[in-house]
Amino acid sequence: MKEFAMALSTEITKAVKSKVFTGTIIFSVFVALMIGVLFYIVKNPEMAQASAIIRAKATIIGNADWKTFFNIMNLMIAVIGMFSFGFIMSWIFGREYADKTLKDIIALPVSGHFIVIAKYVVNFFWSLIISFLLLIVSLVMGYIIGLENWSSSYLITNLGRYFIIVLMNIVLCPVISFLASWGRGYILPLGFIFLTILVSSFAINISENARYIPWAVPLLYAGAVLKEGMDINTASLIVMIITGMAGFAGTIYWWRYADQY
Numbered sequence: 022m023k024e025f026a027m028a029l030s031t032e033i034t035k036a037v038k039s040k041v042f043t044g045t046i047i048f049s050v051f052v053a054l055m056i057g058v059l060f061y062i063v064k065n066p067e068m069a070q071a072s073a074i075i076r077a078k079a080t081i082i083g084n085a086d087w088k089t090f091f092n093i094m095n096l097m098i099a100v101i102g103m104f105s106f107g108f109i110m111s112w113i114f115g116r117e118y119a120d121k122t123l124k125d126i127i128a129l130p131v132s133g134h135f136i137v138i139a140k141y142v143v144n145f146f147w148s149l150i151i152s153f154l155l156l157i158v159s160l161v162m163g164y165i166i167g168l169e170n171w172s173s174s175y176l177i178t179n180l181g182r183y184f185i186i187v188l189m190n191i192v193l194c195p196v197i198s199f200l201a202s203w204g205r206g207y208i209l210p211l212g213f214i215f216l217t218i219l220v221s222s223f224a225i226n227i228s229e230n231a232r233y234i235p236w237a238v239p240l241l242y243a244g245a246v247l248k249e250g251m252d253i254n255t256a257s258l259i260v261m262i263i264t265g266m267a268g269f270a271g272t273i274y275w276w277r278y279a280d281q282y
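Start counting at 1 in the sequence shown, then tack on 21, and there's your number in the working numbering.
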């Protein structure tokens with residue numbers, strides 16, 4: 022446990038002191054504020070008359086009520102979570118290669134698998150922090166705007182859905198950590214993140230088999246689909262979990278046995 026505590030302390034310090042941590046916090050608040058602005062425009066449609074772009078965005082949202090708000094939040098965390106959590110994971114692992122600190126990490130009297138697990142713990146809580154922040158600021162904005170048809174039961178239901186989507190995206194992060202380690206930097210994992218977002222977003226509206234694409238599962242669960250009958254099933258969850266486990270196993274193997282130099 023001393024080895025793990027040492028590794029975790031090191032990773033927490035690096036994360037908290039980094040500009041990336043501050044940047045993700047600012048990004049989450051910014052997104053939440055923009056969601057509030059869009060709902061404010063929907064509630065006050067006269068403000069959208071001056072801009073065709075704003076009008077189009079307001080039309081997509083539809084109604085200025087809490088039901089629509091939670092639907093948008095679920096979709097938002099599905100997409101932003103896929104990007105943000107993956108970006109965080111690629112930075113946590115990729116920075117060791119980009120900053121040439123890998124030799125220093127390996128020189129520590131800590132086993133490689135403890136270092137990997139410590140990085141996963143940091144990614145987990147970091148992802149939760151920005152998810153909570155996005156949700157809380159958005160809820161405050163919704164309250165200030167005065168969205169209609171508040172329902173406590175609907176709040177509880179959608180909070181559960183929101184954080185399940187968060188966990189789904191976190192489960193898939195180990196694949197990014199493996200790619201960052203194998204690719205020795207940021208480029209490969211970040212390119213993969215963009216590719217999975219594009220492919221998943223396209224596939225969910227053209228084929229029922231998209232439910233078996235791991236990165237499409239959070240999107241489908243969030244309701245990001247135009248095609249009827251496109252729901253996830255047990256097999257969808259199994260494929261997603263196996264994918265995450267494969268990424269975890271690959272990362273552990275890489276850090277324990279691969280030539281890091």
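Just so you know, even glycine gets a beta-carbon here, dropped at the ideal spot from N, CA and C.
Residues bridged to Asp86 [DSSP beta-bridge criterion]
On the sequence shown, residue 86 is found 65 positions in, with the first residue counted as 1. Paired residues: Glu169.
Take Ser202 as the anchor and find which of Tyr183, Val192, Lys140, Ile218 has the nearest alpha-carbon.
The count along the sequence shown starts at 1 and reaches residue 202 at position 181. Selected option, being the one with the closest Cα: Lys140.
Continuous alpha helix (DSSP H) stretch holding Arg277: start and end
As a working note, residue 277 is residue 256 in the sequence shown. Unbroken alpha helix (DSSP H) run through Arg277: 255 to 278.
Would a C-beta distance cut-off of 8 Å place Lys64 and Ala85 closer than the cut-off?
Translated into positions along the sequence shown, residue 64 becomes position 43. Translated into positions along the sequence shown, residue 85 becomes position 64. Yes, Cβ-Cβ distance for Lys64 and Ala85 is below 8 Å.
Ile93 to Asn226, Cα distance in whole Å?
Taking the first residue of the sequence shown as 1, we reach residue 93 at position 72. Taking the first residue of the sequence shown as 1, we reach residue 226 at position 205. Looking at the two C-alpha atoms, the distance is approximately 18 Å.
If you draw a straight line from the C-alpha of Thr178 to the C-alpha of Ile214, how long is it?
Indexing the sequence shown from 1 puts residue 178 at position 157. Indexing the sequence shown from 1 puts residue 214 at position 193. Each residue's Cα considered, the two are about 29 Å apart.
Can you give me the Cβ contacts of Ser148 inside the same chain, cut-off strictly under 8 Å, excluding the 5 residues immediately before and after it?
Position 127 of the sequence shown holds residue 148. Result list for Ser148: Gly102, Ser105, Phe106, Ile109, Val187, Asn190, Ile191, Cys194, in chain order.
Suppose the cutoff is 7 Å on Cβ atoms and the five residues either side in sequence are ignored; what does the same chain contact list for Tyr271 look like?
Position 250 of the sequence shown, counting from 1, holds the residue named residue 271. Per the sequence shown, the amino acid found at residue 271 is Gly instead of Tyr. Contacts found: Phe199.
Closest to Phe269 by C-alpha separation, out of Val137, Thr43, Ile33, would be which residue?
The residue you call residue 269 lines up with position 248 of the sequence shown. Comparing Cα positions, the closest option is Val137.
Just mark Arg232 as buried or exposed, buried being the case when its beta carbon has 16 or more other beta carbons within 10 Å.
In the sequence shown, the residue the question calls residue 232 occupies position 211. Buried is the call here.
Quick one: Cα of Tyr207 to Cα of Ser172, how far?
Start at 1 with the first residue of the sequence shown, and residue 207 comes out as number 186. Start at 1 with the first residue of the sequence shown, and residue 172 comes out as number 151. Straight-line Cα distance between these residues: approximately 43 Å.
Buried or exposed by the 16-neighbour rule on C-beta atoms within 10 Å, applied to Gly133:
What you label residue 133 is simply residue 112 of the sequence shown in a count that begins at 1. So Gly133 ends up on the buried side.
Which of the three DSSP states is assigned to Thr31 in this structure?
Start at 1 with the first residue of the sequence shown, and residue 31 comes out as number 10. Three-state DSSP puts Thr31 in a helix.
Taking the alpha helix (DSSP H) that Thr45 falls in, what are its first and last residues?
Position 24 of the sequence shown, counting from 1, holds the residue named residue 45. Per DSSP, Thr45 belongs to the alpha helix (DSSP H) from 40 to 64.
Select from Leu54, Asn170, Trp236 the residue whose C-alpha is nearest the C-alpha of Ile262.
Along the sequence shown, one-based indexing puts residue 262 at 241. Ranking Leu54, Asn170, Trp236 by Cα distance to Ile262 puts Trp236 first.
Local conformation of Lys121 per DSSP, three classes:
Start at 1 with the first residue of the sequence shown, and residue 121 comes out as number 100. In the structure shown, Lys121 sits in coil (DSSP, three-state: anything other than H, G, I, E or B).
Minimum C-alpha distance to Leu44 - residue among Leu29, Val143, Ile151
Taking the sequence shown and counting its residues from 1, the one referred to as residue 44 is at position 23. The question names Leu, yet the displayed sequence has Gly at residue 44. If we check each option's Cα against that of Gly44, Ile151 comes out closest.
Starting from Gly212, follow the alpha helix (DSSP H) in both directions and report where the run begins and ends.
Looking up residue 212 in the sequence shown gives position 191. Its alpha helix (DSSP H) spans residues 208 to 224.
Would you call Ser49 buried or exposed, if buried means 16 or more other Cβ atoms sit within 10 Å of its Cβ?
Mapped onto the sequence shown, residue 49 falls at position 28. Ser49 is buried by the Cβ-count criterion.
Give the DSSP-derived three-state secondary structure of Arg116 in the structure shown.
Mapped onto the sequence shown, residue 116 falls at position 95. Correct three-state label for Arg116: helix.
Identity of the residue in Ala99, Asn144, Val142, Leu54 nearest Met162 by Cα:
Counting from one through the sequence shown, the residue named residue 162 turns up at place 141. Nearest C-alpha to Met162: Leu54.
So Leu155 and Ile98 are in contact, right, with Cβ under 8 Å, and what is the actual spacing, rounded?
On the sequence shown, residue 155 is found 134 positions in, with the first residue counted as 1. On the sequence shown, residue 98 is found 77 positions in, with the first residue counted as 1. Right, the Cβ-Cβ distance comes to about 7 Å (below 8 Å), so this counts as a contact.
Beta-carbon separation of Ser111 and Pro239 under 8 Å?
To locate residue 111, count along the sequence shown from 1; it is residue 90. To locate residue 239, count along the sequence shown from 1; it is residue 218. By the CB criterion at 8 Å, Ser111 and Pro239 fall outside the cutoff.
Mapping the DSSP letters down to three states, classify Ser159 as helix, strand or coil.
On the sequence shown, residue 159 is found 138 positions in, with the first residue counted as 1. Looking at Ser159 - three-state DSSP - the assignment turns out to be helix.
In angstroms with no decimal places, state the Cα-to-Cα distance between Thr255 and Lys124.
Position 234 of the sequence shown, counted from the first residue, corresponds to residue 255. Position 103 of the sequence shown, counted from the first residue, corresponds to residue 124. Each residue's alpha carbon lies about 42 Å from the other.
Can you give me the Cβ contacts of Glu24 inside the same chain, cut-off strictly under 8 Å, excluding the 5 residues immediately before and after it?
Walking along the sequence shown from the start, residue 24 turns up at place 3. Correct list, in chain order: Pro130, Val131, Ser132, Phe135.
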